[in-house]
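*Asks:* Quick one: the structure is below, questions incoming.
2 protein chains.
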Amino acid sequence: MTSVSRRQALRSIAGTGLLWAGTGASRAQRDGGAPSDDALTVVPRPAEMAPTRAAYEITDETTIMFDGSGAFHVATALADLLRPATGFELPVDRPTGSGTDTISLTLDGAPPTLGDEGYRLGVTDSGVTIRAAEPAGLFWGVQTLRQLLPPSVEADSERAGPWTVPGVQIRDAPRFDYRGVHLDVARHFFDVDAVKQYIDYLAAYKINHFHMHLTDDQGWRLMIESWPRLATVGGGEGGYYTQAEFRDLVRYAADRSITLVPEIDVPGHTNAALASYGELNCDGQPTDLYTGTEVGFSSLCVDREETYEFFDDVIREVAALTPGPYVHIGGDEAEELSEAEYAQFMDRAVAIVQNYGKRPVGWYQVLNADPPESTVAQYWNPSRESSLLEAAADAGHELLMSPGSRAFLDIKYNEGTELGLSWPGFTSVRDAYTWDPGAYVDGVDESAVMGPEAPLWSETLETFDDVEFMLFPRLPAIAELGWSPADETDWSDFSERLAAQGPRWDILDVNFYRSPQVPWPGGERSGGI
Amino acid sequence: MTSVSRRQALRSIAGTGLLWAGTGASRAQRDGGAPSDDALTVVPRPAEMAPTRAAYEITDETTIMFDGSGAFHVATALADLLRPATGFELPVDRPTGSGTDTISLTLDGAPPTLGDEGYRLGVTDSGVTIRAAEPAGLFWGVQTLRQLLPPSVEADSERAGPWTVPGVQIRDAPRFDYRGVHLDVARHFFDVDAVKQYIDYLAAYKINHFHMHLTDDQGWRLMIESWPRLATVGGGEGGYYTQAEFRDLVRYAADRSITLVPEIDVPGHTNAALASYGELNCDGQPTDLYTGTEVGFSSLCVDREETYEFFDDVIREVAALTPGPYVHIGGDEAEELSEAEYAQFMDRAVAIVQNYGKRPVGWYQVLNADPPESTVAQYWNPSRESSLLEAAADAGHELLMSPGSRAFLDIKYNEGTELGLSWPGFTSVRDAYTWDPGAYVDGVDESAVMGPEAPLWSETLETFDDVEFMLFPRLPAIAELGWSPADETDWSDFSERLAAQGPRWDILDVNFYRSPQVPWPGGERSGGI
Numbered sequence: 006m007t008s009v010s011r012r013q014a015l016r017s018i019a020g021t022g023l024l025w026a027g028t029g030a031s032r033a034q035r036d037g038g039a040p041s042d043d044a045l046t047v048v049p050r051p052a053e054m055a056p057t058r059a060a061y062e063i064t065d066e067t068t069i070m071f072d073g074s075g076a077f078h079v080a081t082a083l084a085d086l087l088r089p090a091t092g093f094e095l096p097v098d099r100p101t102g103s104g105t106d107t108i109s110l111t112l113d114g115a116p117p118t119l120g121d122e123g124y125r126l127g128v129t130d131s132g133v134t135i136r137a138a139e140p141a142g143l144f145w146g147v148q149t150l151r152q153l154l155p156p157s158v159e160a161d162s163e164r165a166g167p168w169t170v171p172g173v174q175i176r177d178a179p180r181f182d183y184r185g186v187h188l189d190v191a192r193h194f195f196d197v198d199a200v201k202q203y204i205d206y207l208a209a210y211k212i213n214h215f216h217m218h219l220t221d222d223q224g225w226r227l228m229i230e231s232w233p234r235l236a237t238v239g240g241g242e243g244g245y246y247t248q249a250e251f252r253d254l255v256r257y258a259a260d261r262s263i264t265l266v267p268e269i270d271v272p273g274h275t276n277a278a279l280a281s282y283g284e285l286n287c288d289g290q291p292t293d294l295y296t297g298t299e300v301g302f303s304s305l306c307v308d309r310e311e312t313y314e315f316f317d318d319v320i321r322e323v324a325a326l327t328p329g330p331y332v333h334i335g336g337d338e339a340e341e342l343s344e345a346e347y348a349q350f351m352d353r354a355v356a357i358v359q360n361y362g363k364r365p366v367g368w369y370q371v372l373n374a375d376p377p378e379s380t381v382a383q384y385w386n387p388s389r390e391s392s393l394l395e396a397a398a399d400a401g402h403e404l405l406m407s408p409g410s411r412a413f414l415d416i417k418y419n420e421g422t423e424l425g426l427s428w429p430g431f432t433s434v435r436d437a438y439t440w441d442p443g444a445y446v447d448g449v450d451e452s453a454v455m456g457p458e459a460p461l462w463s464e465t466l467e468t469f470d471d472v473e474f475m476l477f478p479r480l481p482a483i484a485e486l487g488w489s490p491a492d493e494t495d496w497s498d499f500s501e502r503l504a505a506q507g508p509r510w511d512i513l514d515v516n517f518y519r520s521p522q523v524p525w526p527g528g529e530r531s532g533g534i
Numbered sequence: 006m007t008s009v010s011r012r013q014a015l016r017s018i019a020g021t022g023l024l025w026a027g028t029g030a031s032r033a034q035r036d037g038g039a040p041s042d043d044a045l046t047v048v049p050r051p052a053e054m055a056p057t058r059a060a061y062e063i064t065d066e067t068t069i070m071f072d073g074s075g076a077f078h079v080a081t082a083l084a085d086l087l088r089p090a091t092g093f094e095l096p097v098d099r100p101t102g103s104g105t106d107t108i109s110l111t112l113d114g115a116p117p118t119l120g121d122e123g124y125r126l127g128v129t130d131s132g133v134t135i136r137a138a139e140p141a142g143l144f145w146g147v148q149t150l151r152q153l154l155p156p157s158v159e160a161d162s163e164r165a166g167p168w169t170v171p172g173v174q175i176r177d178a179p180r181f182d183y184r185g186v187h188l189d190v191a192r193h194f195f196d197v198d199a200v201k202q203y204i205d206y207l208a209a210y211k212i213n214h215f216h217m218h219l220t221d222d223q224g225w226r227l228m229i230e231s232w233p234r235l236a237t238v239g240g241g242e243g244g245y246y247t248q249a250e251f252r253d254l255v256r257y258a259a260d261r262s263i264t265l266v267p268e269i270d271v272p273g274h275t276n277a278a279l280a281s282y283g284e285l286n287c288d289g290q291p292t293d294l295y296t297g298t299e300v301g302f303s304s305l306c307v308d309r310e311e312t313y314e315f316f317d318d319v320i321r322e323v324a325a326l327t328p329g330p331y332v333h334i335g336g337d338e339a340e341e342l343s344e345a346e347y348a349q350f351m352d353r354a355v356a357i358v359q360n361y362g363k364r365p366v367g368w369y370q371v372l373n374a375d376p377p378e379s380t381v382a383q384y385w386n387p388s389r390e391s392s393l394l395e396a397a398a399d400a401g402h403e404l405l406m407s408p409g410s411r412a413f414l415d416i417k418y419n420e421g422t423e424l425g426l427s428w429p430g431f432t433s434v435r436d437a438y439t440w441d442p443g444a445y446v447d448g449v450d451e452s453a454v455m456g457p458e459a460p461l462w463s464e465t466l467e468t469f470d471d472v473e474f475m476l477f478p479r480l481p482a483i484a485e486l487g488w489s490p491a492d493e494t495d496w497s498d499f500s501e502r503l504a505a506q507g508p509r510w511d512i513l514d515v516n517f518y519r520s521p522q523v524p525w526p527g528g529e530r531s532g533g534i
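So the sequences go chain by chain: A and B.
Convert by adding 5 to the 1-based position in the first sequence; the result is the number in the numbering used here.
Convert by adding 5 to the 1-based position in the second sequence; the result is the number in the numbering used here.
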């Protein structure tokens, strides 16, 4: 199996040609003096990857060289990653001198076929070179380099080397332009440091969109300066992000090639707003704050002009805070409204988002309001049958694929999982991996799919340890579905590479679920899921 | 004296008319039941200020109301200022309810004559209202309100009230659009927290430009990503700001209505750069790092193309980091260059700054290169005679006034001052106050003066305590010269208001010089300076 999938890894990505025909290594070569691919456990699997006989050892003589605007940030990110465990100085510099003993990050000379996020990574005896057309490509190449090094590179204090990068030639680019992960900070609030940690996890697996569910019945988590009580009252006991904190998060994500997608969920899921300002309710009276887990009971008053003044102010501020192209406006489970009322509201809400230069995203119910085709619809029903989605794709909408039974990271792994929900059943690690975002909904062609997104709802998750337990190891599964070529996503091969992540998570002190489906190093396999 | 100067304070600022004719109070009224002006010790003195019989006590019922885009930031700044000492909740909200028991910050209804920084402040029995046309005006109004409250409002933990704002009507706007203070972080480095503290001090006295001297022979203090060794090597033992840290400082200043003016001093004062990159030297060899205090010995190689590539890269990055209109390029004491070489370099340097959309500023020697008239020249020679400056003003240049014997905050107060330099003599507090930035250089009309700027060089200042000792109490002197009407700057009146700042600085733990020229509360006056 492994030898077959390694060979498959050498097949070209569409249109870019075959680079290193015939150089593929396999486990069968391991004992013959040929390069071993033991170290090539990269997740997501690169599009093309070929072991070579070369290898480069990072030492105290190694310099990190960069060229091109935007490469410096990536170079310092790499230095920051390598310095604690290696203890080496690893100076960051522009190209000078011999070019030996260097890790070079360069924006020159990458073939345009690599696109905005692709990269090439090559290892010789004298160094490592990563080339890309854009800084994001370099950054993803650095994440690959990180996984080529021993797990101890993740340590925050000095460890024994050697720090050998195995010989490999990689040519890589993602399958989908949008690879998203979501976090619900409304049901339970997570502070700036926790969210930064979460962003770090996404970056390591080449996720490039971070969707923050900022508002819900239970809490409004972002200061809106023109309506401050949304946060100071609607944030309840849990808290909220100041705009300075939120800008800090936006930048922290951007520094890691991740676009933040803010969600303001309307017209339902709005009790926190309704409790903050009486004028958003049809009777003019503020509701009580709510901390339960029911859904579908709240709605903005669609007949009051204050509702649209409120939403315009909110979207103006949110749009100003987030440079990315998307603003998510929820639109799910507005069960208090008739279909006509829902459409009446959504028509204006979508126009407000567009007016501030942003592209609207909504949970798939937004399609019921027949929004303009630039509106992105996020599918989350676990069913593969959806005439609504099929019609939307035909009409030109782009879709995000988040099927509840596959991509929801807050679903219990099995009946023994204490945390999480189980409304679509259970979602084992294998379940999270064995579906195709490009072919999930019957009648929807891959060309209409922007990519997969994995939501993580927090009704049952009170601590960041809880979050980690649900995120790992399913995050890398969704990440690989979004990045790697469809015909390379083989569960058996993936589960072995996934197992190799375990020691990294141990060193990073990640509270991950040791699913018995995965052959963790040193562990016994059992029959569980 | 005091009664005269109070009456003068009611005179109109140019073109805005007299507001409250005949309501001026004086110390003579103190015992007659009329309003006392004891509390009206605001520095800089407002343009028009009239005591009234009203007074408002801030209580736990007080709300801070705001309206208009940008007013929220100021409202939260006020709340953050008042909450620690008062212990009150002081909710910040948009206008609702009765409007009583409120401190209102409003951008509606201000007369356009108040300009970009002016404000009106009124006190009634039911609250305080500050109006301005722009957020900066509101922010300066808040600084005035702060000084109307007892010194204990500066405390960082709860103190006894009452928190009474005395009755007053103020109409205020600055004399000069540019009121600057400088800090040399090159000779000695001050970290981000220290610089933020410094910015807080400037804001309290309505300084609106903060000039950072970022590079000199002894250190290069800002990471330039295309030339990283400038900071990693040229920063020496002292250190440097990462670009993220510098952006944080830019924003911190902007949140306080202060524009950061970055200085990259060229072609002299560049040993730190010359030590970082050999190619900037005519012999191609890097110099040694330098920690002494001599000047005039270093220069970029004006005949090498690398010099201009370097400067273009540096200014591109600096311009991208700082949204303000100015980039300062030094230009002082390039004693290694001939006049022709200096002009050859400066022609290109000025063009590079303009190419990145910024307005060049230079120390006045830059005028020797005959730069375009949009170039701002900063005067620092202590002499009042300067044909160079007179000609420049005639040619249309704008000037910053920083005479070494008046505005340099690092000059010794007297022969007993341990810290500081004395090349232009000594500068007592009174010396720092008794000059006119609009009429200092013979033959230069006020219309050519952008404003005063007070440099603080750090050759002898190793700690932030040292910085504070030189800054206080001369900072408020320069600040008042920049803000208050020229005919209101009376030393005797000022020294009494300055004395009232002492208890605030004690509470803030500021290490200030208790100049015997100032009648500090509780102190004996002596004959010293």
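C-beta: ideal position from N, C-alpha, C; glycine also.
What do you get for Trp428 (chain A), buried or exposed, if any count of 16 or more other CB atoms within 10 angstroms of its CB means buried?
*Replies:* Trp428 (chain A) is exposed by the Cβ-count criterion.
*Asks:* Within the chosen definition, does the segment 239-246 of chain A reach the segment 171-186 of chain A through at least 3 CB pairs nearer than 8 Å?
*Replies:* Touching, no, given that fewer than three Cβ pairs across the two stretches are closer than 8 Å.
*Asks:* Could you check how far apart the C-beta atoms of Arg479 (chain B) and Leu414 (chain B) are, in whole angstroms? I think they sit under 8 Å.
*Replies:* Arg479 (chain B) to Leu414 (chain B), Cβ: 5 Å. Contact.
*Asks:* Near Gln34 (chain B), which residues of its chain fall below 6 Å by C-beta distance, leaving aside the five closest residues on each side in sequence?
*Replies:* Note that Gln34 (chain B) scores 37 on pLDDT, short of 50, meaning its location in the model is unreliable; the coordinates nonetheless yield the value given after this. Excluding residues within five positions, none has a Cβ falling inside 6 Å.
*Asks:* So, is Asn360 (chain B) buried or exposed, given that buried needs 16 or more other C-beta atoms within 10 angstroms?
*Replies:* Looking at its Cβ environment, which holds fewer than 16 other Cβ atoms inside 10 Å, Asn360 (chain B) is exposed.
*Asks:* With DSSP run on the structure shown, which of helix, strand or coil describes His78 (chain B)?
*Replies:* The answer is helix: DSSP assigns His78 (chain B) an H, G or I state.
*Asks:* Run through DSSP, which three-state label would Ala138 (chain B) get?
*Replies:* Here Ala138 (chain B) sits in coil by DSSP.
*Asks:* Just mark Ser500 (chain B) as buried or exposed, buried being the case when its beta carbon has 16 or more other beta carbons within 10 Å.
*Replies:* It is buried - the Cβ of Ser500 (chain B) has at least 16 other Cβ atoms within 10 Å.
*Asks:* Can you pull the chain E residues whose beta carbon is under 7 Å from the beta carbon of Glu230 (chain A), in chain order?
*Replies:* Given the protein chain composition of this structure (A and B), no chain E is represented.
*Asks:* From A:Asp318, A:Gly456, A:Lys363, pick the residue whose C-alpha is nearest to that of Ala444 (chain A); which is it?
*Replies:* For the residues A:Asp318, A:Gly456, A:Lys363, the minimum Cα distance to Ala444 (chain A) belongs to A:Gly456.
*Asks:* How should Glu340 (chain A) be labelled, buried or exposed, when 16 other C-beta atoms within 10 angstroms of its C-beta is the threshold for buried?
*Replies:* Burial call: exposed.
*Asks:* Is Asp308 (chain B) buried or exposed, if buried means 16 or more other CB atoms sit within 10 Å of its CB?
*Replies:* That one is exposed.
*Asks:* Assuming Val197 (chain A) is part of the alpha helix (DSSP H), what are its boundary residues?
*Replies:* First-last of the alpha helix (DSSP H) with Val197 (chain A): 197-209.
*Asks:* Counting only the same chain and skipping the five closest in sequence on each side, list residues whose C-beta sits under 6 Å from that of Ile534 (chain A).
*Replies:* Correct list, in chain order: Asn419, Ser433, Gln522.
*Asks:* Evaluate contact between the segment 95-105 of chain A and the segment 165-173 of chain A, counting only Cβ atoms and requiring at least three cross-stretch pairs below 8 Å.
*Replies:* These segments do not touch.
*Asks:* Which of the three DSSP states, helix, strand or coil, is assigned to Val371 (chain A)?
*Replies:* The answer is helix: DSSP assigns Val371 (chain A) an H, G or I state.
*Asks:* Since Asp205 (chain B) meets chain A, which of its residues come closer than 9 Å, beta carbon to beta carbon?
*Replies:* Under the 9 Å cutoff, chain A gives no residues; its nearest Cβ is about 16 Å from Asp205 (chain B).
*Asks:* Around the Cβ of Arg58 (chain A), are there at least 16 other Cβ atoms within 10 angstroms (buried) or fewer (exposed)?
*Replies:* Classification for Arg58 (chain A): exposed.
*Asks:* Between which two residues does the beta strand (DSSP E) carrying Trp547 (chain A) extend?
*Replies:* Nothing can be reported for residue 547 (chain A), as the shown portion of chain A is limited to 6 through 534.
*Asks:* Starting from the Cα of Leu110 (chain A), find the closest Cα among A:Tyr384, A:Asp399, A:Pro140, A:Met54 and give me that residue.
*Replies:* Residue A:Pro140 is the option with its Cα nearest to Leu110 (chain A).
*Asks:* Tell me whether the segment 110-123 of chain A and the segment 141-158 of chain A touch, counting them as touching only if at least three CB pairs, one residue from each stretch, are closer than 8 Å.
*Replies:* These segments touch.
*Asks:* Let me check one thing: in DSSP terms, what residues is Ile269 (chain A) bridge-paired to?
*Replies:* Bridge partners of Ile269 (chain A): none, in fact.
*Asks:* Under 7 Å from any heavy atom of the ligand NAD, does the C-beta of Gly329 (chain A) make it?
*Replies:* As far as ligands go, the structure on display features none, and thus does not contain the ligand NAD.
*Asks:* Can you pull the chain A residues whose beta carbon is under 9 Å from the beta carbon of Pro233 (chain B), in chain order?
*Replies:* Phe71, Phe77, Ala80, Thr81, Pro96, Val97, Asp98, Arg99, listed in chain order.
*Asks:* For Thr111 (chain A) and chain B, any beta-carbon pair shorter than 8 Å?
*Replies:* No, no contact with chain B.
*Asks:* Would you call Gly409 (chain B) buried or exposed, if buried means 16 or more other Cβ atoms sit within 10 Å of its Cβ?
*Replies:* By the 10 Å Cβ count, Gly409 (chain B) comes out buried.
*Asks:* Please list, in chain order, all residues of the same chain as Gly73 (chain A) whose beta carbon is under 7 Å from its beta carbon, the five residues on each side excluded.
*Replies:* The answer, listed in chain order, is Thr111, Leu112, Asp113.
*Asks:* Which residues of chain A have a Cβ atom closer than 8 Å to the Cβ of Thr327 (chain B), listed in chain order?
*Replies:* Near Thr327 (chain B) there are no residues of chain A at all, since even the closest Cβ is about 16 Å away, more than 8 Å.
*Asks:* Below 8 Å, can you find three or more Cβ-Cβ pairs linking the segment 500-509 of chain B to the segment 61-73 of chain B?
*Replies:* No, the segment 500-509 of chain B is not in contact with the segment 61-73 of chain B.
*Asks:* Check each candidate in B:Val190, B:Phe315, B:Val454 and name the one with the smallest Cα separation from Tyr384 (chain B).
*Replies:* Closest by alpha carbon: B:Val454.
*Asks:* Hey, out of A:Gly92, A:Gly75, A:Asp85, A:Gln248, whose CA is closest to Thr64 (chain A)'s CA?
*Replies:* Checked all of A:Gly92, A:Gly75, A:Asp85, A:Gln248; the closest Cα to Thr64 (chain A) is A:Gly92.
*Asks:* Please name the residue, chosen from B:Tyr206, B:Leu294, B:Asp196, B:Gly335, that lies closest to Met475 (chain B) on a Cα-to-Cα basis.
*Replies:* When only C-alpha atoms are compared, the closest one is B:Tyr206.
*Asks:* Assign Gly297 (chain A) to one of two classes, buried (16 or more other C-beta atoms within 10 Å of its C-beta) or exposed (fewer than that).
*Replies:* Classification of Gly297 (chain A): exposed, given that the 10 Å Cβ count is below 16.
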